[in-house]
Amino acid sequence: MKVLVLSATGCMGSGLVEALKDDPNHQISAFTRNPDSDAAKPIRDAGITIFKGDFSDKEALDKAFSSGFDAVFFTIFPDLTGGDNDIEQAENIIDAVKRYKVKQVLYGSVARTGTQESFDRAYANLPESSFLKVYWSKKWRIEDLIRSSGADWTIIKPPNFIQNLVFPHYVAMMFPELPTTLTIKDATDPNHPQWWVDGSDTGRFAAEAVKNPGKFRNKDITIGTELLTMNDVVEKLRKATGKDVQLYKWPADEWEATKTHPMHSIKRGFSEFGYDPEGGNPTEYGFEFTPISKWLEDDKNKRGTWLAT
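Residue numbers (UniProt numbering): 1 to 309.
See the structure below:
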């Protein structure tokens, strides 16, 4: 079976590549903006074919898809500028899926943070221009494109990645103060539980769908490893590092400003939406998720991050 991993150097894509690269029943190819990057080194070292391009480049996508693939995996980072670049990229990918008759599409989406009642109530009260409402609406639009593609599909919905608090490129975007001040500026209620997962487990879970497409056919699957408050996460970080990690205490004026901040408004929304009590490990698939503390305390995950300095 030939598999094209479009988002090959991110947490999810790299997890999928790692899970299938030595499987004789699957031939993996990767697609990335920069094949010479450090993030792509494990792919190069494994001798995997790499196509260069981004999802806005139809010609690059055509070149990759024309090699013929049975399955395609992708995830798309949301357009934070207020545009529809993410939707257009998804349309480019699904157009290629249709033209080249790909049999199976796997998509890394995002977990719904709320139970049906609490999520719908909070979501309905948001103004149409709310970044948070736009974010979720666009995620669902991409999912609908996949469901109507004509291919078999599996949509995997992970929650918070623990990598967001560790890997430099995620930390720089979401928690820029953390490496130097050991302070997490997070707008979620610190006592509000959220699901967390090792992001690469999402890719490994997708690999199971590639291996057993019938079992995962046309399913939305929400995954998660542990239900933790931010206070819980801080304790795990302290244990893993021996450092005095703290949660930021918001002054009133800064707290008010979080309502319109792209990242902090999402985190505030998490507290309002509640959490899905059934959003964790879907045991019917027999997949073993990595415990959060185990991931944090693994030296290979600490390497090159603030955890090790």
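Ideal Cβ placement from N, Cα and C applies to all residues, glycine included.
Could you check what DSSP says for Asp152 in three-state terms: helix, strand or coil? strand
So for Asn160, helix, strand or coil by DSSP? Asn160 carries a strand assignment under DSSP once its states are collapsed to helix, strand and coil.
Tell me the rounded alpha-carbon separation between Ala71 and Met173. 31 angstroms
Neighbourhood of Ser56 by C-beta distance below 8 angstroms, restricted to the same chain and skipping five residues each side: Asn85, Glu88, Gln89 and Asn92
Determine the direct distance from the alpha carbon of Gly269 to that of Thr188, and round the result to whole angstroms. 8 angstroms
My understanding is that Ile156 touches Ile50, with C-beta atoms under 8 angstroms, so please give their C-beta distance in whole angstroms. That pair is no contact at about 23 angstroms.
Among the residues of its own chain, which have a CB less than 7 angstroms from the CB of Val97, if the five just before and after it don't count? Val72, Val105, Ser149 and Ala151
Would you mind reading off the limits of the alpha helix (DSSP H) that contains Gly13? Start and end: Cys11 to Leu20.
If you follow the alpha helix (DSSP H) that Gly214 is in, where does it begin and where does it stop? Pro213 to Phe216
Given Ala240 as reference, the closest of Trp136, Leu307 and Asn231 once Cα atoms are compared: Out of Trp136, Leu307 and Asn231, Leu307 has the C-alpha closest to the C-alpha of Ala240.
Using a Cβ-Cβ cut-off of 7 angstroms (strictly less than) and excluding sequence neighbours within five positions of Lys63, which residues of its own chain qualify? Phe51
Roughly how many angstroms separate the alpha carbons of Arg147 and Leu182, rounded to a whole number? 42 angstroms
Out of curiosity, what's the CA-to-CA distance linking Arg121 and Asn164? 28 angstroms
Which same chain residues, not among the five before or five after Lys259, have their C-beta less than 8 angstroms away from its C-beta? Ser265 and Arg268
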